[in-house]
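First up is the structure itself, then whatever we jot down about it.
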Amino acid sequence: MADAPSVAIISLASDFGCQVQITNIDPGLLQVLGLIDLRYWQLTSSGHMPEEYDVAVIEGAVTTDEHIELLRRVRETASVVVAIGSCAVTGGIPALAGTIDADCRFAAVYGEDATVTPGLHSPVAISRYIDVDYIVPGCPIDTTEFLAVLGRALKGLSNGMPEQPLCASCKTHGNECFMRRGDLCLGIITRSGCDAKCTTLGRPCTGCRGLAPDANLEAARKVYAAFGHDFDEVVTALDLYNTDREVCR
Ligand code: SF4
Ligand code: SF4
36 MADAPSVAII SLASDFGCQV QITNIDPGLL QVLGLIDLRY WQLTSSGHMP
86 EEYDVAVIEG AVTTDEHIEL LRRVRETASV VVAIGSCAVT GGIPALAGTI
136 DADCRFAAVY GEDATVTPGL HSPVAISRYI DVDYIVPGCP IDTTEFLAVL
186 GRALKGLSNG MPEQPLCASC KTHGNECFMR RGDLCLGIIT RSGCDAKCTT
236 LGRPCTGCRG LAPDANLEAA RKVYAAFGHD FDEVVTALDL YNTDREVCR
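Here this note's numbering is used: the first residue of the sequence shown is 36, the next is one more, and so on.
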């Protein structure tokens with residue numbers, strides 16, 4: 036890779052929330068921008084994607100034939116692919132659509148007589164179609180973590196993603212556990228690295244960072260049962276961001 040690697044930031048099916056997060060990173064972003072040639076940023080540019088770039092940062096889930104073709108070209112072009120946000124990493128909220136029969140969901144949104152454009156697919160994570168080198172999970176992404184992962188990608192280091200569940204991080208903030216209050220919290224099985232922002236701000240974890248590779252699911256099942264939560268309730272809550280269990284950890 037050249038001294039100033041060129042970067043393209045691309046969006047598939049998303050609400051652009053993770054790209055908006057990137058606009059919030061002033062000092063750190065400037066530091067990174069000194070190290071990269073930001074050749075394309077879909078949120079901020081009406082221009083065409085360049086032919087050449089070293090690093091592709093991709094937000095959003097895959098939902099169309101066009102997305103699949105774009106991903107194929109991106110993978111051929113970029114030496115490094117970084118998936119950012121739950122939509123790109125696990126399919127996220129868009130992937131919930133895949134739990135409903137396609138005809139039913141199109142009819143529910145557009146009416147019974149709607150003509151559905153050919154080439155639409157149930158939304159899935161980008162790793163369903165191409166190899167992904169680095170992930171930045173979360174909905175939206177944490178800007179500090181994004182910069183750290185991008186920096187690691189530029190240096191050729193490992194992803195450095197934490198593998199343990201959220202509870203230890205949550206406890207360092209002195210939070211009262213939601214489970215003790217009778218609320219369902221997915222922190223027991225969700226990947227840490229977000230600094231427990233939601234639980235510290237008074238909201239239970241909803242699992243946007245995917246399952247923690249180190250999570251002990253059997254032990255978690257027992258803990259949830261001990262606190263009165265049927266595991267079906269846990270599975271339903273987990274589905275918000277993680278319907279595709281094979282890619283969510
Ligand atoms: S992960 Fe969340 S914030 Fe990011 S693009 Fe998807 S829905 Fe928006
Ligand atoms: S509130 Fe959630 S993340 Fe925090 S300790 Fe309890 S279960 Fe774990």
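The beta carbon of each residue, even a glycine, is placed where N, CA and C say it ideally should be. Note that the structure is predicted; figures quoted are calculated from it, not measured.
As assigned by DSSP and simplified to three states, the class of residue i
{"i": "Pro158", "result": "strand"}
{"i": "Ser81", "result": "coil"}
{"i": "Pro200", "result": "strand"}
{"i": "Ile57", "result": "helix"}
{"i": "Gly126", "result": "coil"}
{"i": "Asp274", "result": "helix"}
{"i": "Met36", "result": "Unreliable placement is indicated for Met36, whose pLDDT of 47 sits below 50; no coordinate value is reported for it."}
{"i": "Leu192", "result": "coil"}
8 Å Cβ shell around residue i - same chain, five flanking residues per side excluded
{"i": "Ser121", "result": "Gly127, Ile128, Pro172, Gly173, Cys174, Cys243, Arg244, Gly245 and Tyr276"}
{"i": "Ala39", "result": "Leu70, Ile71 and Asp72"}
{"i": "Thr112", "result": "Glu86, Glu87, Tyr88 and Ala91"}
Proximity below 8 Å, CB of residue i to CB of residue j
{"i": "Ile60", "j": "Val42", "result": "no"}
{"i": "Leu197", "j": "Ser227", "result": "Checking the sequence shown, residue 197 turns out to be Pro, not Leu. Yes."}
{"i": "Thr98", "j": "Pro153", "result": "no"}
{"i": "Ala188", "j": "His208", "result": "no"}
{"i": "Gly222", "j": "Pro200", "result": "yes"}
{"i": "Glu281", "j": "Leu219", "result": "no"}
{"i": "Ala48", "j": "Gly95", "result": "yes"}
{"i": "Val117", "j": "Ile93", "result": "yes"}
{"i": "Thr278", "j": "Leu106", "result": "no"}
{"i": "Thr134", "j": "Cys283", "result": "no"}
{"i": "Asp166", "j": "Arg110", "result": "yes"}
{"i": "Met214", "j": "Phe266", "result": "no"}
{"i": "Asn210", "j": "Thr179", "result": "no"}
{"i": "Ile57", "j": "Phe141", "result": "no"}
{"i": "Asn194", "j": "Tyr169", "result": "yes"}
{"i": "Val67", "j": "Leu192", "result": "no"}
{"i": "Ala137", "j": "Ala160", "result": "no"}
Cβ neighbours of residue i in the same chain (closer than 6 Å, five flanking residues each side left out)
{"i": "Arg74", "result": "Ser41, Ala43, Pro85 and Tyr88"}
{"i": "Leu273", "result": "Gly242"}
{"i": "Gly52", "result": "Pro175"}
{"i": "Ser46", "result": "Gln77, Glu94 and Gly95"}
{"i": "Ala250", "result": "Pro200 and Ile224"}
{"i": "Ala255", "result": "Ile223 and Ile224"}
{"i": "Val151", "result": "Phe141"}
Identity of the residues DSSP links to residue i by a beta bridge
{"i": "Glu94", "result": "Ser46 and Ile119"}
{"i": "Ser41", "result": "Asp72"}
{"i": "Leu246", "result": "Thr225"}
{"i": "Thr99", "result": "Leu155"}
{"i": "Tyr169", "result": "Val117"}
{"i": "Ile135", "result": "Ile135 pairs with nothing; no bridge assigned."}
Residues of its chain near residue i, where Cβ-Cβ distance is below 7 Å and the 5 sequence neighbours each way are ignored
{"i": "Met36", "result": "Model confidence at Met36 stands at a pLDDT of 47, short of 50, so the residue's coordinates are unreliable and nothing is read from them."}
{"i": "Leu155", "result": "Thr98 and Thr99"}
{"i": "Tyr2", "result": "Nothing can be reported for residue 2, as the shown portion of the chain is limited to 36 through 284."}
{"i": "Leu252", "result": "Ile224"}
{"i": "Cys240", "result": "Leu201, Cys220, Leu221, Gly222, Thr225, Cys233 and Thr234"}
{"i": "Cys205", "result": "Gly222, Ala231 and Thr234"}
{"i": "Ile103", "result": "Val97 and Tyr164"}
{"i": "His264", "result": "Leu219"}
Residue i CB to nearest heavy atom of ligand 3 below 7 Å
{"i": "Gly127", "result": "As for ligand 3, it is missing from this structure, which binds only ligand 1 and ligand 2."}
Heavy atoms of ligand 2 versus C-beta positions, residues under 7 Å: Leu201, Cys202, Cys205, Lys206, Asn210, Cys212, Phe213, Met214, Cys220, Gly222, Ile223, Ala231, Thr234, Pro239 and Cys240
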